[in-house]
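**Student:**
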Amino acid sequence: MLTKRIGWEITNLANGGVNIWWIVASPIVVRGLQLSISLGFPNAGSGFSEALAVGYFSKGWPTFSQDAMQHVRGPYFDDLDTNTFIDLTVDNPGNFSVLTGPPLRGNGTLFASILKTCAPQGVSQEIDLTGLDMTIGNNNCFVLHMDGVGVPMDAEMQGVLFYEYAVKG
3 MLTKRIGWEI TNLANGGVNI WWIVASPIVV RGLQLSISLG FPNAGSGFSE ALAVGYFSKG
63 WPTFSQDAMQ HVRGPYFDDL DTNTFIDLTV DNPGNFSVLT GPPLRGNGTL FASILKTCAP
123 QGVSQEIDLT GLDMTIGNNN CFVLHMDGVG VPMDAEMQGV LFYEYAVKG
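Mapping the sequence shown onto my numbering, position 103 (from 1) lands on 105, and the numbers just tick up by one.
1) Tell me, please, which residues DSSP counts as bridged to Leu35.
2) With DSSP run on the structure shown, which of helix, strand or coil describes Thr91?
3) Would you please state the rounded distance, in angstroms, between the beta carbons of Val145 and Trp23? I believe it to be under 8 angstroms.
4) If I follow the unbroken beta strand (DSSP E) through Leu117, where does it start and stop?
5) Looking only at C-alpha atoms, which of Pro64, Trp63, Ile8, Gly152 sits nearest to Ile39?
6) Have a look at Gly57, Trp63, Ala53, Asp93 and flag the residue whose alpha-carbon is nearest the alpha-carbon of Met71.
7) Between the Cα of Ser51 and those of Val169, Thr65, Gly152, Glu158, spot the shortest distance and give me the residue it belongs to.
8) Going straight from the alpha carbon of Thr132 to that of Ala157, what length do you get?
As structure tokens, then:
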């Protein structure tokens with residue numbers, strides 16, 4: 003089993019997003035991912051903050067939304083067949099305000115996580131994915147995305163990607 007250390011930190015993240023990616027040079031089979039995501043507040047301030055963290059493999063060069071948040075737009079691997087999941091149903095007898103997430107995406111997404119806190123209290127989350135069997139071809143990309151709103155924060159991801167070279171043939 004081979005490993006790739008991944009990690010990055012964003013300082014003063016507020017009301018915007020950032021993406022980083024690596025190009026896969028040789029076909030691989032992803033076996034697992036261990037990742038730590040944390041938010042901290044080194045500057046004075048108090049109030050609500052949240053950050054979205056996403057990791058996925060893009061089929062070729064990734065694309066992003068053209069707004070401040072820079073959300074990942076694909077391209078994804080083998081988009082889900084529209085017959086697999088038909089409609090999203092929300093049962094809301096209390097008439098609460100409900101915001102739904104992005105539409106279903108195809109294979110390639112490894113994780114999506116939201117961390118919420120009130121500054122100056124930091125927060126962290128551990129992600130441990132094992133038993134994966136995702137074959138990723140060369141010239142595809144491993145993408146990490148983070149965006150945040152609220153009190154400016156330092157946001158960080160550190161982890162290890164576990165993989166093997168794909169057997170050709």
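Note that beta-carbon positions come from the ideal geometry of N, C-alpha and C, so glycine has one too.
Since the structure is predicted, the reported quantities are computational estimates derived from the model, not experimental observations.
**Tutor:** A quick look at the data gives this:
1) Leu131, Leu163
2) coil
3) 4 angstroms
4) 111–121
5) Ile8
6) Ala53
7) Between Ser51 and the set Val169, Thr65, Gly152, Glu158, the nearest pair of CA atoms involves Gly152.
8) 24 angstroms
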